[in-house]
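S.K.:
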Amino acid sequence: MAARRIAVIGAGVLGTALAHRLTEERGTPVEVALLDGERPGHGTSRWSLAWLNSNGKAPRAYHDLGTRSMAAWGRLAERTGGDAWYRPVGNLRWAEEEKGMRRLAERVAWMTAWGYPAELVGRRRIADLEPALELPSDLTRAAWFPQEGYVLTELMIASLVERARAQGADVRSGPAGHVTAVEGEAGGPRVVRTADGGKLETDTVVCCAGRWTPEVSRLAGAPGAGVPIVDPQPPGSSAPALVVRAGPVRDAPLRVLHTPRVHLRAHGADSTQVHLEAGDVAVDLHTPERELDEWATTLLERARSLLPSLRNAEVVARKVCVRPMPPDGLPIVGPAAEAGGPYVAVTHSGVTLAPGLAELVAEELLTGRRHPDLAPFRPERFAPGSAGGE
Ligand SMILES: Cc1cc2nc3c(=O)[nH]c(=O)nc-3n(C[C@H](O)[C@H](O)[C@H](O)COP(=O)(O)OP(=O)(O)OC[C@H]3O[C@@H](n4cnc5c(N)ncnc54)[C@H](O)[C@@H]3O)c2cc1C
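To convert a position in the sequence shown, counted from 1, into the working numbering, add 103.
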């Protein structure tokens, strides 16, 4: 199925990286369309911690996909002048209890054994790495992962969308990009219909709709069960998470920080805000607003106790977002199992994985050959009666 006209539905980090990659392709003439029902980059990608890592990811094939993609971020940033949004600043992590630190030491040993840069560092080094932090008095050690970092997704997506457009991609957003129907069979010509009454003729449909993948892939011919993700609706679902942005901050953290009570990094082009999350925040799509406000204030207080320059900061935004989570935690990439279904790419850790997946998926779409590195991540593993993989 080597494709000449490719329509990518969803301009989050995945769809944008893929559309951009396809327009970079010099060998095969290809017409690329990128469609989004909102402004590009305003889905989950906008709110992501966007921590680039392959830290503690298993099995090995998933870890390797992560490290490959971290390297792909570096190359992509270099090719596209990504200094404004690519921040390979490293990640510091520590735990409160001795037991937690023991687990972290085991993680460092495991990552090192897999060739992933990781080390335990002492208090003086932590202070050198993060001079603006007021370190807890009993903190003696932290794990340091120097090759990790983060991206500013809004800036990155805006930049890659413009580059793709300049290379000839047909970028449609708002009602003109909101896909309402996909007609035709996979392998034959297809017609994508949009909310403004427009249509687009294409050979291949690629669904990069993140948390909306079940709905969009169903439009394109795959029954929802073919592309399952964790349902965010039931109370207590693990897919929703609270994100808080706060500011102003004068001396923002330099690194990604995973501390026992709050995870944070600098936010914004000029780093005058911080992005905050925490593992113990129990929210779902039904949590009352008042409770969300309380959690947001709690996260800001936790961050303030580490970072004195947040003294005058306030909560600037808070949002419950939905992680697009395949039920087994691994990416789902490839033609949807059912005949007529689209090519699908959906994953948690989508920011980390976007440029690596974009390279592999573009190659598959343009050559029609299945890439062996994607074998563990095929949609077929969820087909009824499947043994769970290729
Ligand atoms: C709180 C939180 C923290 C996270 N932290 C990290 C992290 O640290 N590192 C990491 O790598 N990942 C992280 N993730 C996961 C990561 O953010 C996601 O995997 C990634 O953003 C998904 O990108 P996407 O392009 O698939 O989806 P999205 O960014 O959601 O894009 C999908 C797009 O599809 C569009 N769309 C939907 N329906 C239609 C339609 N009918 N027609 C046209 N367009 C449509 C939407 O408008 C949207 O723009 C986190 C996620 C959350 C929620």
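Beta carbons: idealized from backbone N, C-alpha and C, even for Gly.
Per the contact definition of three or more C-beta pairs closer than 8 Å, is the segment 178-195 in contact with the segment 340-347?
M.R.: Short answer: they don't touch.
S.K.: Taking the straight line between their C-alpha atoms, what separation do you get for E493 and Y165?
M.R.: Per-residue confidence for E493 stands at a pLDDT of 37, beneath the threshold of 50, marking its modelled position as unreliable; the derived number appears in the next sentence. Roughly 15 Å between the two C-alpha positions.
S.K.: According to DSSP, is W211 part of a helix, a strand, or is it coil?
M.R.: Looking at the sequence shown, residue 211 is not Trp but Val. Residue state, collapsed to three classes: helix.
S.K.: Is L138 near ligand 1, in the sense that its beta carbon is under 6 Å from a heavy atom of that ligand?
M.R.: Yes, the beta carbon of L138 sits closer than 6 Å to at least one heavy atom of ligand 1.
S.K.: Just to confirm before moving on: does the CB-CB distance between T316 and V449 stay below 7 Å?
M.R.: Yes, Cβ-Cβ distance for T316 and V449 is below 7 Å.
S.K.: Between W176 and ligand 1, is the CB less than 6 Å from at least one heavy atom?
M.R.: It does not: the Cβ of W176 is nowhere closer than 6 Å to a heavy atom of ligand 1.
S.K.: Could you compute how far the alpha carbon of G300 sits from the alpha carbon of A279?
M.R.: Going from the Cα of G300 to the Cα of A279 covers about 8 Å.
S.K.: Can you tell me where the beta strand (DSSP E) holding Y253 begins and where it ends?
M.R.: It spans 252-254 - the beta strand (DSSP E) in which Y253 sits, taken as one unbroken run.
S.K.: What does the alpha-carbon distance come out to for the pair D526 and R421?
M.R.: Any question about residue 526 goes unanswered here, given that the chain covers just 104 to 493.
S.K.: Work out the CA separation of S172 and W197 for me, nearest whole Å.
M.R.: One C-alpha to the other measures close to 25 Å.
S.K.: Closest by CA to L121, which one among V377, L263, V352?
M.R.: Of V377, L263, V352, the residue nearest in Cα terms is L263.
S.K.: Just verifying my parser: in three-state terms, what is the DSSP assignment at H474?
M.R.: H474: coil per DSSP, three-state reduction.
S.K.: Short of 7 Å in beta carbon distance, which residues of its chain neighbour H370, apart from the five on each side in sequence? Order them along the chain.
M.R.: Closer than 7 Å at the Cβ level, and outside the excluded window around H370, lie R348, Q376, V377, H378.
S.K.: Output needed for L258: all residues of its chain with C-beta closer than 6 Å, excluding positions within five of it in sequence on either side, in chain order.
M.R.: Excluding positions up to five away in sequence, the list reads A187, W188.
S.K.: Taking all protein chains shown into account, decide if G118 is buried (16 or more other Cβ within 10 angstroms of its Cβ) or exposed.
M.R.: The residue is buried, with at least 16 neighbouring Cβ atoms inside 10 Å.
S.K.: From E201 to E251, what does the alpha carbon distance come to, in whole angstroms?
M.R.: Using only the alpha carbons, I get a separation of about 25 Å.
S.K.: Leaving out the 5 sequence neighbours to the left and right, which residues in its chain are closer than 8 Å to P430 when beta-carbon positions are compared?
M.R.: Taken in chain order, the residues that qualify are P331, I332, V333, F485.
S.K.: Within 10 angstroms of the Cβ of D139, are there 16 or more other Cβ atoms? Answer buried if so, exposed if not.
M.R.: The residue is buried, with at least 16 neighbouring Cβ atoms inside 10 Å.
S.K.: Out of curiosity, what's the CA-to-CA distance linking M104 and P143?
M.R.: Bear in mind that a pLDDT of 48 at M104, under 50, signals an unreliable position, so the model cannot answer this.
S.K.: Taking R407 as the reference, which of L242, R293, G350, T390 has the closest Cα?
M.R.: When only C-alpha atoms are compared, the closest one is G350.
S.K.: Could you pull out every residue in the same chain whose Cβ sits closer than 8 Å to the Cβ of K302, ignoring the five residues on either side in sequence?
M.R.: Once the five neighbours on either side are set aside, the close Cβ partners of K302 are V294, V295, R296.
S.K.: Please determine, among R358, A325, I260, the residue with the shortest C-alpha to C-alpha distance to G184.
M.R.: Out of R358, A325, I260, I260 has the C-alpha closest to the C-alpha of G184.
S.K.: Here's a check: name, in chain order, each residue in its chain whose Cβ is nearer than 6 Å to the Cβ of E467, leaving out the five neighbours to either side.
M.R.: Cβ neighbours of E467 beyond the five flanking positions: H474.
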